[in-house]
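Take any residue in the sequence shown, count from 1 to its spot, add 506: that is its number in the working numbering. Ideal placement from N, C-alpha and C gives every residue a C-beta, glycine not left out. Please read these numbers as outputs of a predicted model, since none were measured by experiment.
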Amino acid sequence: MKLKRIVCLFAALFTLSASSAAALADSGAPVIIGPMSWDGRLRADGTSELNVSFSGAPGAYRAYIYAVRDGSAWLKASGRVEIPESGSARAVFRAGFDKPGEFCTLVKVYDYGGALLASRQGLYPDRIFAP
């Protein structure tokens, strides 16, 4: 369990702090991935919702949600993110889990040309409980 937390913490070092994210947004960066959180208790027998905030340049983007476990990233959900002229948006993604354990949530945002614009992994591992 400690190793998984260390891996998630290490990955989080490469994500943006709130202050550096604000500075990057001011510099004209296309997308910033803000806070993300799972609704309720994650269970191995159902689906859960991940709420993610985005900010940046107005436009349409594609977001992919991964569960990172034991060094492998598993695609759990994807969807279109539309950032309006106000520069901020919130999206909800549904994901199902099939076995209990810990994982780190990873969100990646691409433009429709396939270029990676932003990537953020959760600071702490999430836990999936047995049914």
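- If you ignore the 5 residues before and after Leu581, its C-beta comes within less than 8 Å of the C-beta of Tyr570, Ile571 and Tyr572, all in its own chain and listed in chain order.
- C-alpha of Ala636 to C-alpha of Tyr630: approximately 20 Å in a straight line.
- Look at Tyr618 here: in three-state DSSP terms it is coil, with no helix or strand label.
- Sequence-distant partners of Pro606 (beyond 5 residues in either direction) whose C-beta falls short of 7 Å from its own C-beta, in its chain, are Ala550, Ile634, Phe635 and Ala636.
- In the DSSP annotation of this structure, Asp604 is not part of any beta strand (DSSP E), being labelled neither H nor E.
- C-alpha of Phe603 to C-alpha of Glu555: approximately 11 Å in a straight line.
- Thr553 and Glu591 have their alpha carbons spaced roughly 32 Å apart.
- Of all alpha-carbon atoms in Gly593, Arg547 and Glu608, the one lying nearest the alpha-carbon of Ser578 is that of Glu608.
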